[in-house]
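Peer 1: Going by my numbering, the sequence shown opens with residue 269, and the numbers climb by one from there. C-beta: ideal position from N, C-alpha, C; glycine also.
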Amino acid sequence: MLKLFTTLASLAFVSQARRPASYQAGSIVPPPLADNSTYGNTEEIHTEHLALNLTVDFDARTLSGQAYHQMRVVQETSTVQFDIWDLDIAGVFNSTDLNSAPLNFTILQPNPAIGSVL
């Protein structure tokens, strides 16, 4: 039992010793670095909820359907960028205005390492 207590005390001491001098209990964790493996403008807009409505065609080995994103703007922007890989996009719509015309969208040439941007 004493050996276990000594080990726990040592671990507590080591964990205290490795904290930077600027650390304060309850301080906020710094934001992550930018993700270089995405085209998404994740610093400007966040998907808060995602709902998928998909149909599986096993014979054709395809999925078809819709993706509904509920997003929150965190920094002013006029565009939303999504990563896509080998997808055929039929249309993009604003689901808050069901009577509106389809939105304009562009799919850029794919990067073989990370796909395309919508």
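Taking C-alpha atoms, which residue in ILE313, ALA328, ASP327, ALA381 lies nearest to HIS337?
Peer 2: ILE313
Peer 1: What residue does the beta strand (DSSP E) around ASP325 start on, and which one ends it?
Peer 2: 313-325
Peer 1: Is there contact between the segment 304-320 and the segment 345-356, where contact requires at least three CB pairs shorter than 8 Å?
Peer 2: As far as the Cβ criterion goes, the segment 304-320 touches the segment 345-356, which means the pair count is three or higher.
Peer 1: What residue does the beta strand (DSSP E) around TYR307 start on, and which one ends it?
Peer 2: Note, TYR307: premise wrong, no beta strand (DSSP E); not H, not E.
Peer 1: Report the partner residues of GLN334 according to the DSSP bridge assignment.
Peer 2: ASN321
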